[in-house]
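Numbering follows my numbering, in which position 130 of the sequence shown is assigned residue number 132; successive positions increment by one, without gaps.
Beta carbons: idealized from backbone N, C-alpha and C, even for Gly.
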Amino acid sequence: MAARSMDHTQWLAKLVAFDTTSRNSNLELIQYCKDYLEGLGVKCTLIHNAERNKANLWATLPGDGGVTKGGIILSGHTDVVPVDGQKWDSDPFTLTERDGKLYGRGTSDMKGFVAVCMSLAPELLKMRRAKPIHFAWSYDEEVSCLGGMELAEFARDHDVRAEGCIIGEPTGMTVVIAHKGTSHFWVRVRGKAAHSSLALTGESCNAIDYATKLITKLREIAEEYRRTAPGMA
């Protein structure tokens, strides 16, 4: 397909129209982006899942002299969460402008970022840049992050050596180092029983006291993340 220039709003409308709820395929959206970028002369690679009904897209916009190593990765996921059971005032898969805002499933998380990047591709290609820019669009972020892991493996296996990665997740326009994840731990705090008269002699150990210290420390860590990386709090 011949590359037809679109602004970020037009791109967003196009991307929102693809129902890429995680249970569905994202191939139509990915193929549309691939066709557009290849129409601009950009080399693209698809990385399919085992079932070949979903794919990541890796596209490299070379730097000066055709350099393809290093540079910056701009990454976003193409899947969205379901709209089942939700009350919408408009079709969630039709971009709708209302009161100066754009509504549609995935406008914020995170087709908006992908749309901006795609709309800027022609300008980025015209710029004098010492380093390349890599687009990395993934699948299934909302359910397993499997696509993102495959993109990381692709970058490693192809010796991309990027110097940084910007992931356009919604963070309230605050720059953060990461989004929150989850880790599960089983912690057992053991005490030592003793007669109450020996409580302060070192003969006993109050498990509740030490468990409280552990909980307090976890809250301190959470507060530190809240101040330095709001997306992780």
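Assigned with DSSP and collapsed to three states, residue 82 falls in strand. In chain order, 65, 66 place their CB closer than 7 Å to the CB of residue 131, counting only its own chain and leaving out the 5 sequence neighbours on each side. Here residue 124 is exposed, its C-beta having fewer than 16 other C-beta atoms within 10 Å.
Taking the Cα positions, residue 211 is about 26 Å away from residue 228. Taking residue 9 as the centre and dropping the five residues before and after it, the same chain places the C-beta of 121 closer than 7 Å to its C-beta, in chain order.
Looking from the CA of residue 61, the closest CA among 77, 54, 52, 53 belongs to 77. The residue from 169, 51, 179 with its alpha-carbon nearest to that of residue 149 is 51. Burial is judged here by how many other beta carbons sit within 10 angstroms of a residue's own beta carbon; residue 90 has fewer than 16 and is exposed. Counting along the chain, residue 154 sits inside no beta strand (DSSP E); it lies in the alpha helix (DSSP H) bounded by residues 148-159. Secondary-structure assignment with DSSP links residue 139 through a beta bridge to 59, 78. Counting C-beta pairs with one atom in each stretch, the segment 82-97 and the segment 17-26 have three or more that are closer than 8 Å, which means they touch.
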